[in-house]
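Peer 1: Okay, here's the structure, questions in a sec.
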Amino acid sequence: MNPFALTICNLHKNFHSLEVLKGINLNIKSGMFFGLLGPNGAGKSTTINILAGLTLKSKGDVKIFGYDIEKDYKTVRQFIGLSQQEFNLDRFFTLHDLLLYQGGLYGLRQTEVKKRVEELLQRFGLWEHRHQKPHRLSGGLKRRAMIVKALIHDPKILILDEPTAGVDVELRHDLWNYLKKLNREGKTIILTTHYLEEAKTLCDEIAILLEGKILIHDSIEKVIEHSKGDLINYFIEEDQEQVHA
Amino acid sequence: MRNHYWISLWTLIRREIARFMGMRNMTIFPQMISTALYIIIFGFSLGGRIKEIHGFHYIEFIFPGLVLMGVITSSYNNASNYLFMARYDTSIQDILLTPLSYLQMVFAFTIGSIIRGLIVGVLVLATGCILLKLPIYSMAATLIFLLLTSLIFASFGIITGLWAERWEDLALFINYIVTPLNFLGGIFYSIDMLPPWWRHLSLLNPIFYMVNGFRYGILGFNEIPLSISFALMSALSIFLFFWTVYLFKIGYKLKT
Ligand SMILES: Nc1ncnc2c1ncn2[C@@H]1O[C@H](COP(=O)(O)OP(=O)(O)O)[C@@H](O)[C@H]1O
Ligand SMILES: [Mg+2]
Numbered sequence: 046m047n048p049f050a051l052t053i054c055n056l057h058k059n060f061h062s063l064e065v066l067k068g069i070n071l072n073i074k075s076g077m078f079f080g081l082l083g084p085n086g087a088g089k090s091t092t093i094n095i096l097a098g099l100t101l102k103s104k105g106d107v108k109i110f111g112y113d114i115e116k117d118y119k120t121v122r123q124f125i126g127l128s129q130q131e132f133n134l135d136r137f138f139t140l141h142d143l144l145l146y147q148g149g150l151y152g153l154r155q156t157e158v159k160k161r162v163e164e165l166l167q168r169f170g171l172w173e174h175r176h177q178k179p180h181r182l183s184g185g186l187k188r189r190a191m192i193v194k195a196l197i198h199d200p201k202i203l204i205l206d207e208p209t210a211g212v213d214v215e216l217r218h219d220l221w222n223y224l225k226k227l228n229r230e231g232k233t234i235i236l237t238t239h240y241l242e243e244a245k246t247l248c249d250e251i252a253i254l255l256e257g258k259i260l261i262h263d264s265i266e267k268v269i270e271h272s273k274g275d276l277i278n279y280f281i282e283e284d285q286e287q288v289h290a
Numbered sequence: 010m011r012n013h014y015w016i017s018l019w020t021l022i023r024r025e026i027a028r029f030m031g032m033r034n035m036t037i038f039p040q041m042i043s044t045a046l047y048i049i050i051f052g053f054s055l056g057g058r059i060k061e062i063h064g065f066h067y068i069e070f071i072f073p074g075l076v077l078m079g080v081i082t083s084s085y086n087n088a089s090n091y092l093f094m095a096r097y098d099t100s101i102q103d104i105l106l107t108p109l110s111y112l113q114m115v116f117a118f119t120i121g122s123i124i125r126g127l128i129v130g131v132l133v134l135a136t137g138c139i140l141l142k143l144p145i146y147s148m149a150a151t152l153i154f155l156l157l158t159s160l161i162f163a164s165f166g167i168i169t170g171l172w173a174e175r176w177e178d179l180a181l182f183i184n185y186i187v188t189p190l191n192f193l194g195g196i197f198y199s200i201d202m203l204p205p206w207w208r209h210l211s212l213l214n215p216i217f218y219m220v221n222g223f224r225y226g227i228l229g230f231n232e233i234p235l236s237i238s239f240a241l242m243s244a245l246s247i248f249l250f251f252w253t254v255y256l257f258k259i260g261y262k263l264k265t
């Protein structure tokens, strides 16, 4: 198996005249818990959406476990589970049906997917809400539903775009524990976050994305040390601001 | 590594059928009722005053076209409304993230819309045949032209569902293109009742070929050779289907 879960080489993205990503290089080893940090508008979601095939890159090479995201798109999509920053839950079906269909779309058999859906809904405290239409759920429950949806096919890489934004402290800690467990069991996890504490608790490595480039990519201790507090200050401030908000 | 791509495909087809069956008071029954009303009004009250066309009662002559109108709007609305909504609330991403190929995605959406068109078509057809005591001349031709018509309009629905920026845009195609073409396509009259220049113009209208083939299926009467209707509609179906696959492949209005 390819030792790298993700390799990004000279990735560029323009939205018309707006240059969002200006040549990103990034290698993430299989089994890593990786945090992508950066201020709002830095291009974190854009990068993640390119990996998942929701946004088209302008230039560069991106591989997931050695498979090209465009040439081998079907293989790559089987590997990735994505929970987007914005909720997207089909409002037509109940949460339960939506997840059953989603598992089926990844090729899971009905019996298999039923078991998996029940397990995950129980684990995330969503079981009693399973007959609800997802758009009627509260923000915190919707966020959990998004994560369950991303996990439905037991992907090798779990990608979470701001999974704990707007989520209460209790769920945040519960989710942290769960993610740590998944990571220990071998799942590669990539997440974006604004919270320094989250990055410190979870991530083996972080990278900071600033003005379309990777400013630094290292273990979290090294990043704090190297930046001599300068950079990290920004995140601490933002962190506190959001916690108090 | 799971490779059950057929499970994925079948799931998407099932999901899209469940979607319109869950709204059948909006997606299935209204067409039936409106066609039944057409038949009752034209057939039993006004119909007697309009002379026969090619040996058929007026209502019998227009009946195949009425069925087609129901099929056209059903297939078209199914594809265009779903895709537009799914783009709008970004739930289309649930499909784009899965290992389905673009061909499979389009195939499933098209099949879903065809099935809605066929359900409406068959129900309307049955209602009409019972009310008019009309036997079907050729079941095979009827079904083939029903299928081709719904395939063509499912594809148009996918294209406008992708292209539309506002709800209003979805209706543009129906209001400004399909409805006029329906009325000019020989649903309500025979083209040999028209002046020559208009008759020639009708030959440019795709609806004309659909009605021609479908009318043969039900009544056994056609105005131009069936093979021409069949060949043109098949060519159009294939072209539109692969065009929609291409639009998915390039991510037209699906990917940023
Ligand atoms: N679809 C789009 N069209 C145009 N600009 C976009 C689009 N998506 C994102 N952007 C712009 O790209 C930049 C990066 O956005 P994003 O990746 O969402 O940042 P982050 O997730 O780091 O907050 C922002 O300036 C944003 O306005
Ligand atoms: Mg973002």
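These protein sequences, in sequence, are chains A and B.
Add 45 to the 1-based position in the first sequence for our numbering, that's all there is to it.
Add 9 to the 1-based position in the second sequence for our numbering, that's all there is to it.
Built from N, CA and C at the ideal position, the CB exists for glycine as well.
1) Mind checking whether B:Ser164 and B:Leu249 have CB atoms under 7 Å apart?
2) State the Cα-Cα distance for the pair A:His174 and B:Tyr111, rounded to the nearest angstrom.
3) Tell me the DSSP bridge mates of A:Leu205?
4) Cutting at 7 Å between CB atoms, please list the residues of its own chain near B:Leu193, excluding the five before and the five after it.
5) Under 7 Å between C-beta atoms, does A:Thr233 make it to chain B?
6) Quick one: is B:Ser17 near chain A, going by C-beta distance under 7 Å?
7) Starting from the beta carbon of B:Lys264, find every residue of chain A whose beta carbon is closer than 8 Å, and list them in chain order.
8) State the start and end residues of the unbroken alpha helix (DSSP H) segment that holds B:Phe72.
9) Counting pairs of Cβ atoms below 8 Å between the segment 52-72 of chain A and the segment 103-110 of chain A, do you hit three or more?
10) Excluding sequence positions up to five away, which residues of its chain have a Cβ less than 8 Å from the Cβ of A:Ile192?
11) Ligand 1 heavy atoms versus the CB of B:Phe154: any closer than 6 Å?
12) Where does A:Gly105 fall in DSSP's three states?
13) Would you please verify whether the beta carbon of A:Tyr151 is less than 7 Å from any beta carbon of chain B?
14) Going along the chain, which residues of its own chain have a beta-carbon closer than 7 Å to the beta-carbon of B:Asn191, five neighbours each way excluded?
15) Find out if the Cβ-Cβ distance for the pair B:Leu156, B:Thr169 is shorter than 7 Å.
16) List the residues of chain B that A:Leu203 touches, going by C-beta distances under 8 Å, in chain order.
17) Please check if any C-beta of chain B sits within less than 7 Å of the C-beta of A:Gln130.
18) Following the continuous alpha helix (DSSP H) through B:Cys138, name the residue where it begins and the one where it ends.
19) Would you please verify whether the beta carbon of B:Lys258 is less than 7 Å from any beta carbon of chain A?
20) Just to check, is the beta-carbon of A:Ser128 closer than 6 Å to a non-hydrogen atom of ligand 2?
21) Spatial neighbours of B:Ala173 within its chain, please: C-beta separation below 6 Å, excluding the five flanking residues on both sides.
22) Can you confirm whether A:Phe137, when its beta carbon is compared against all beta carbons of chain B, has any partner nearer than 7 Å?
23) In angstroms, rounded to a whole number, what distance separates the CA positions of B:Ile200 and B:Ser43?
24) Quick one, which of A:Ser75, A:Arg229 and A:Gly231 has its alpha-carbon nearest A:Gly111's?
25) I'd like to confirm the pairing. Which residues does DSSP put opposite B:Ala244 in its beta bridges?
Peer 2: Here's the rundown:
1) Walking along the second sequence from the start, residue 164 of chain B turns up at place 155. Walking along the second sequence from the start, residue 249 of chain B turns up at place 240. Yes, the Cβ-Cβ distance between B:Ser164 and B:Leu249 is below 7 Å.
2) Against the first sequence, residue 174 of chain A aligns to sequence position 129. Against the second sequence, residue 111 of chain B aligns to sequence position 102. Distance between the alpha carbons of A:His174 and B:Tyr111: 33 Å.
3) Taking the first residue of the first sequence as 1, we reach residue 205 of chain A at position 160. For A:Leu205, the beta-bridge partners assigned by DSSP are A:Ser128 and A:Leu236.
4) To locate residue 193 of chain B, count along the second sequence from 1; it is residue 184. Counting only Cβ-Cβ distances below 7 Å, and skipping sequence neighbours, we find Ser211 and Asn214.
5) Translated into positions along the first sequence, residue 233 of chain A becomes position 188. So no, A:Thr233 is outside the interface.
6) As a position in the second sequence, residue 17 of chain B is number 8, starting the count at 1. Yes, B:Ser17 counts as interfacial toward chain A.
7) By 1-based counting over the second sequence, the position of residue 264 of chain B is 255. Per Cβ cutoff of 8 Å: Gly98, Leu99, Thr100 and Leu101.
8) Walking along the second sequence from the start, residue 72 of chain B turns up at place 63. Its alpha helix (DSSP H) spans residues Tyr67 to Tyr97.
9) At 8 Å Cβ cutoff, the stretches touch.
10) If you number the first sequence from 1, residue 192 of chain A lands on position 147. Ser128, Phe169, Leu205, Pro208 and Leu220.
11) Residue mapping note: residue 154 of chain B aligns to position 145 of the second sequence, counting from 1. For B:Phe154, the shortest separation between its Cβ and any heavy atom of ligand 1 does not lie below 6 Å.
12) By 1-based counting over the first sequence, the position of residue 105 of chain A is 60. A:Gly105 falls in the strand class under three-state DSSP.
13) One-based indexing of the first sequence puts residue 151 of chain A at position 106. The C-beta of A:Tyr151 comes closer than 7 Å to at least one C-beta of chain B.
14) Numbered from 1 along the second sequence, position 182 holds the residue referred to as residue 191 of chain B. Sequence-distant Cβ neighbours of B:Asn191 in its own chain, meaning closer than 7 Å and more than five residues away, are Met78 and Ile216.
15) The sequence position of residue 156 of chain B within the second sequence is 147, counting from 1. The sequence position of residue 169 of chain B within the second sequence is 160, counting from 1. The beta carbons of B:Leu156 and B:Thr169 sit no closer together than 7 Å.
16) By one-based count along the first sequence, residue 203 of chain A stands at place 158. Those do not exist, as A:Leu203 stays about 13 Å from chain B at its closest Cβ, beyond 8 Å.
17) Taking the first sequence and counting its residues from 1, the one referred to as residue 130 of chain A is at position 85. No, no contact with chain B.
18) Locating residue 138 of chain B in the second sequence gives position 129, where the first residue counts as 1. Per DSSP, B:Cys138 belongs to the alpha helix (DSSP H) from Tyr111 to Leu141.
19) Along the second sequence, one-based indexing puts residue 258 of chain B at 249. It does not: the Cβ of B:Lys258 has no partner Cβ on chain A nearer than 7 Å.
20) Working through the first sequence from its first residue, we reach residue 128 of chain A at position 83. The closest heavy atom of ligand 2 lies 6 Å or more from the beta carbon of A:Ser128.
21) For the purposes of this step, residue 173 of chain B is taken as the residue at position 164 of the second sequence. Within the same chain, and ignoring the five residues on either side of B:Ala173 in sequence, the residues whose Cβ sits closer than 6 Å to its Cβ are Phe93 and Leu179.
22) Working through the first sequence from its first residue, we reach residue 137 of chain A at position 92. Chain B contact via Cβ: present.
23) As a working note, residue 200 of chain B is residue 191 in the second sequence. As a working note, residue 43 of chain B is residue 34 in the second sequence. Cα to Cα, the separation comes out at about 25 Å.
24) Reading the first sequence from its first residue, position 66 is the one you call residue 111 of chain A. Minimum Cα distance to A:Gly111 is reached at A:Ser75.
25) Along the second sequence, read from residue 1 onward, the residue named residue 244 of chain B stands at position 235. DSSP, once it has assigned bridges, lists no residue as partnering B:Ala244.
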